[in-house]
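What follows is a single structure, written as structure tokens, with notes after it.
In my numbering, the protein residues as written are 439 to 675.
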């Protein structure tokens, strides 16, 4: 007869990084990327932006400083030699501004996805070649597509962010982390709508730079622009 498995103490299970209690934030700090804002990291499971899961950023208009919020994390990924991708951004990146923030423009790929944003993002995530991918899907992206994207990101060492309208907040989403952004008195108001663990008590007021439009409309020739339907470039090793 086969012997029964040895019992495991509850304390040992709760000590695991991939197990979290409903009244506490999830761990997995090794999978987190510091946001550059200590007060925000204290509210994010793992102490930073997660890898291997979708993160939704809900915002109604551009120019609030929303990209400035992510630049420290993106600069860290780029500084470690990672490739970054922007899928269907509503503006063209300004190469000097991104370089000044510490990102390597030669490792930034901009994808003109048309109506294939979800498909393009899924392919980029599945490729395993990108450290960070941000996408601006169409307003009507459905639950099935969102689930496919979460599956494509799950377990991979990639920071995957979706930019959606705040109107999407009322609809369920498989993204483990959902954040609403709005203009604050002195910067950016960050409201954590969903996270693994206890609910956030109140929005955070963060001081972030608000670049003018002239820093967003010029696309430099150093960027790789990939048309939807073509294979994503294999990042150099």
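A virtual CB, placed ideally from N, CA and C, is assigned to each residue, including glycine.
For clarity, every value in this text was computed on a predicted model and none was experimentally measured.
Helix, strand or coil at residue i [DSSP, three-state]
i: residue 488; result: strand
i: residue 550; result: strand
i: residue 644; result: strand
i: residue 480; result: coil
i: residue 616; result: strand
i: residue 496; result: strand
i: residue 541; result: coil
i: residue 465; result: With a pLDDT of 49 at residue 465, under the threshold of 50, the modelled position of that residue is not reliable, and the figure given next carries that caveat. Coil at residue 465, not helix or strand.
i: residue 653; result: Confidence in residue 653 is poor, its pLDDT being 43 and thus under 50, which makes the residue's placement unreliable; the coordinate value appears in the next sentence. Helix at residue 653.
i: residue 460; result: Only weak support exists for where residue 460 lies, its pLDDT of 49 falling under 50; the value from the coordinates is given anyway. In the structure shown, residue 460 sits in coil (DSSP, three-state: anything other than H, G, I, E or B).
Residue i, enclosing alpha helix (DSSP H) - first and last residue
i: residue 623; result: It is not in any alpha helix (DSSP H) - residue 623 carries neither H nor E in the DSSP assignment.
i: residue 474; result: Element bounds for residue 474: n/a, residue is neither H nor E.
i: residue 577; result: From DSSP, residue 577 is part of no alpha helix (DSSP H); its letter is neither H nor E.
i: residue 526; result: Looking at the DSSP string, residue 526 is not in any alpha helix (DSSP H), and its letter there is neither H nor E.
i: residue 508; result: 504 to 517
i: residue 589; result: 581 to 591
i: residue 606; result: Premise fails: residue 606 is in no alpha helix (DSSP H) and is neither H nor E.
i: residue 565; result: 555 to 565
Separation of residue j from residue i, as counted between CA atoms
i: residue 500; j: residue 593; result: 30 Å
i: residue 384; j: residue 627; result: Residue 384 is absent from the structure shown; the chain starts at 439 and stops at 675.
i: residue 478; j: residue 614; result: 16 Å
i: residue 606; j: residue 557; result: 20 Å
i: residue 484; j: residue 595; result: 14 Å
i: residue 475; j: residue 507; result: 8 Å
i: residue 561; j: residue 526; result: 14 Å
i: residue 575; j: residue 528; result: 10 Å
i: residue 542; j: residue 520; result: 9 Å
i: residue 584; j: residue 591; result: 11 Å
i: residue 486; j: residue 631; result: 16 Å
i: residue 510; j: residue 539; result: 8 Å
i: residue 612; j: residue 537; result: 33 Å
i: residue 563; j: residue 586; result: 10 Å
i: residue 559; j: residue 571; result: 8 Å
i: residue 580; j: residue 524; result: 20 Å
i: residue 471; j: residue 622; result: 24 Å
i: residue 473; j: residue 620; result: 18 Å
i: residue 512; j: residue 505; result: 10 Å
Bounding residues of the beta strand (DSSP E) (the contiguous stretch that carries residue i)
i: residue 598; result: 597 to 602
Nearest candidate by alpha-carbon position, reference residue i, set the options
i: residue 517; options: 492, 546, 616, 525; result: 546
i: residue 589; options: 524, 541, 529, 492; result: 492
i: residue 482; options: 617, 645, 621, 563; result: 617
i: residue 635; options: 581, 537, 559, 480; result: 480
i: residue 601; options: 578, 622, 623, 470; result: 578
i: residue 495; options: 598, 587, 566, 560; result: 598
i: residue 582; options: 574, 610, 563, 604; result: 610
i: residue 647; options: 633, 629, 624, 632; result: 624
i: residue 569; options: 472, 489, 473; result: 489
i: residue 555; options: 544, 573, 565; result: 573
i: residue 469; options: 548, 505, 515; result: 515
i: residue 522; options: 548, 472, 505, 504; result: 548
i: residue 603; options: 502, 472, 497, 553; result: 497
| field | Meets three-Cβ-pair contact criterion under 8 Å: the region 621 to 641 and the region 527 to 547 | value | Counting C-beta pairs with one atom in each stretch, the region 621 to 641 and the region 527 to 547 have fewer than three that are closer than 8 Å, which means they do not touch.
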